[in-house]
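In my numbering, the protein residues as written are 17 to 387.
Dropping the structure here:
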């Protein structure tokens, strides 16, 4: 039985990656008309209730043209300087094309360290959720002005996949210079066949990946497959589609050739499986009222915690136990063990008085629990 291809029009949370070659022309600079069309697609998605995050390359390409830097490979210092100039122009361009639709753009610059360091990851996730909750369209890019060779993502395909998993997106779109994943490089092998759907990334599929074919972009099919692995493991379907059309997202929705990588689970289920597999660093013991609230689908508030055991940091896994010590769930806690001990049994309104600063809401949010 053929796999059911996802419907981009049904996406709840959509991450779209835009490469430099789509956005910037070497001779004329920013492709304003193309970007205007993409903004119309974003507005359509927002109008039907979807959250949209754009992971956009282009800052270095824009900056190098403005600075008159030579074609060819740039040194790290030159890339960082070009990015510093280009990021301003890129952010302004997105602001200008989204504003006529009543949409607000927000710039988010990240590095690989932001996803590997627990505190930075949690802060990035909280910031993104807040922006999306306020209706903002985040424009995400690697912070090329400070990134070094050792900490770079190296391409925005991988960055987009990391962002998709971080925000719990259900679909990731990689707009490319080809219309999908092929059995070989279609620009070199005329017999190459495009896949409509890839249900599993096998060694055979990986062997078919080629190298970059664009003069501006860094990512090839190998990096796109790495992105697909990350995305589908997090419950996010991914599509590779040609971006050189006026309305690329509408084009996908109306049946343009593309390749979908399907996910076996939803982002929520994948996240809960991940939490369930974690080793708890501590324990939270609850009273009967908190147990009833959990069974009703509520978050765990400090007032329902009778005892805290173990040493843990914010964002680590803890075991959630009932009054008799029975295991109820695992969850990612929003406080350190010291903070949790101090506010256990307290009402939410008392947290600031106890800690000296505003709290982060529940002890464990219901979305961060696995039963």
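For each residue, glycine too, the CB sits at the ideal point set by N, CA and C.
Predicted model only: the values in this text are computed from it and were never measured.
Measure the C-alpha to C-alpha separation of residue i and residue j and round it to an integer number of angstroms.
i: residue 198; j: residue 242; result: 15 Å
i: residue 334; j: residue 66; result: 32 Å
i: residue 41; j: residue 47; result: 7 Å
i: residue 24; j: residue 282; result: 15 Å
i: residue 185; j: residue 287; result: 11 Å
i: residue 266; j: residue 39; result: 17 Å
i: residue 122; j: residue 236; result: 28 Å
i: residue 251; j: residue 34; result: 21 Å
i: residue 136; j: residue 51; result: 31 Å
i: residue 264; j: residue 62; result: 15 Å
i: residue 21; j: residue 158; result: 30 Å
i: residue 352; j: residue 93; result: 39 Å
i: residue 363; j: residue 312; result: 19 Å
i: residue 141; j: residue 195; result: 31 Å
i: residue 354; j: residue 127; result: 29 Å
i: residue 53; j: residue 368; result: 47 Å
i: residue 238; j: residue 217; result: 12 Å
i: residue 30; j: residue 190; result: 11 Å
i: residue 36; j: residue 77; result: 7 Å
i: residue 396; j: residue 204; result: Residue coverage of the chain in this structure runs from 17 to 387, which leaves residue 396 outside it and unanswerable.
If we call anything under 8 Å between Cβ atoms a contact, is residue i one with residue j?
i: residue 344; j: residue 384; result: no
i: residue 188; j: residue 257; result: no
i: residue 210; j: residue 275; result: yes
i: residue 337; j: residue 302; result: yes
i: residue 254; j: residue 269; result: no
i: residue 74; j: residue 98; result: no
i: residue 144; j: residue 182; result: yes
i: residue 326; j: residue 138; result: no
Which whole-angstrom value describes the C-beta separation of residue i and residue j, a residue pair presumed to lie in contact below a C-beta threshold of 8 Å?
i: residue 83; j: residue 101; result: 6 Å
i: residue 71; j: residue 179; result: 6 Å
i: residue 69; j: residue 156; result: 6 Å
i: residue 304; j: residue 386; result: The Cβ separation is near 22 Å, so there is no contact.
Please indicate yes or no: does the CB of residue i lie closer than 7 Å to some heavy atom of the ligand NAP?
i: residue 225; result: Only the bare structure without any ligand can be found here, which leaves the ligand NAP out of the picture.
Those runs of the alpha helix (DSSP H) which lie wholly inside the region 189-229 and span at least 4 residues
If one requires a minimum length of 4 residues, the alpha helix (DSSP H) runs lying completely within the region 189-229 are 219-223, in chain order.
Is the region 369-381 touching the region 314-324 in the sense that three or more CB pairs, one from each, lie closer than 8 Å?
Remark: three or more beta-carbon pairs, one from each stretch, lie closer than 8 Å, so the region 314-324 and the region 369-381 are flagged as touching.
Every unbroken alpha helix (DSSP H) within the region 35-122, with a cutoff of 4 residues, ordered by chain
36-39, 48-63, 75-83 and 92-114
At a cut of 8 Å, does the region 58-65 reach the region 110-127 through at least three beta carbon pairs?
The region 110-127 and the region 58-65 touch, with three or more beta-carbon pairs separated by less than 8 Å.
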